[in-house]
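Asks:
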Amino acid sequence: LKRTPEESPAWFPDILSKLLAFHHEIGLSNPAETYLALARRLARNRLIGQAYLALDEALIETVLGGRDRKELDWDEIRGSIRERLTGLGDWHPWMQEDLWKIHNCRNFIAHGGRKESVGPSTSRLKSEDMHQNFNGLSQSLEKVMHDPASPLRLQKVS
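With the sequence shown counted from 1, adding 22 to any position gets you the working numbering.
1) Kindly indicate the opening and closing residues of the alpha helix (DSSP H) around Leu94.
2) Let me confirm a value: Gln161 is counted as buried when at least 16 other C-beta atoms fall within 10 Å, else exposed. Which label applies?
3) Indicate the three-state DSSP secondary structure (helix, strand or coil) for Thr108 in the structure shown.
4) Would you please state the rounded distance, in angstroms, between the beta carbons of Leu176 and Leu77? I believe it to be under 8 Å.
5) Exposed or buried, Asp120, counting other C-beta atoms within 10 Å across all chains shown (16 or more means buried)?
6) Helix, strand or coil for Thr26 per DSSP?
7) Would you mind reading off the limits of the alpha helix (DSSP H) that contains Asn129?
8) According to DSSP, simplified to helix, strand and coil, what is Gln154?
9) Evaluate Lys213 with the Cβ neighbour count: other Cβ atoms within 10 Å of its Cβ, from every protein chain shown; 16 or more gives buried, anything less gives exposed.
10) Less than 8 Å between C-beta atoms, sequence neighbours within five positions excluded: which residues of the same chain meet that for Arg62?
11) From what residue to what residue does the alpha helix (DSSP H) around Gln72 run?
If you want it as structure tokens, here you go:
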């Protein structure tokens, strides 16, 4: 926001400060980090379905490593996820499983009404469990994004 109205309503300063805080929290230079910050904000506000959708977007951006999503169809993105997550087992024993949980939870939330969307990792999911598991899964993704030894470590954006 470059400038504020000279004669603003009484509620405007409060809304402006909240919008500026929100922008500061999620206005990061890397899309994966932006999605992760947004996911955590949504989870704090108990919007767990939306939080998992944003967390999966952070995972996808991390897996793509800066490649333009517009150049890929969904099958290519899913193939990249499968390929890149498969290599994580050598780096960290349970990281691959945690990141697949993010993706599977997202699919369960987005497509839960379809029979084929229910698999072994989602068949017994409850919203309370999803909320409790969110913090651990988001921390796993953050570790993958920032650990110097991670095969999926984010590149610094200049």
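Glycine included, every Cβ here is placed at the ideal spot set by N, Cα and C.
Source: prediction; values computed, not measured.
Replies: In short:
1) Here Leu94 belongs to no alpha helix (DSSP H), and DSSP marks it neither H nor E.
2) Exposed, by the Cβ-count rule.
3) The three-state secondary structure of Thr108, taken from DSSP, is helix.
4) Rounded, the Cβ-Cβ distance is 15 Å, inconsistent with contact.
5) Residue environment analysis places Asp120 among the buried positions, since at least 16 neighbouring C-beta atoms fall within 10 angstroms of its C-beta.
6) If DSSP states are grouped into helix, strand and coil, Thr26 belongs with coil.
7) Here the alpha helix (DSSP H) through Asn129 covers Met117 to His133.
8) Correct three-state label for Gln154: helix.
9) In this structure the chain extends from 23 to 180, so residue 213 is not present and cannot be described.
10) Answer for Arg62: Ala73 and Ser160, listed in chain order.
11) In this chain, the alpha helix (DSSP H) harbouring Gln72 covers Ile70 to Leu86.
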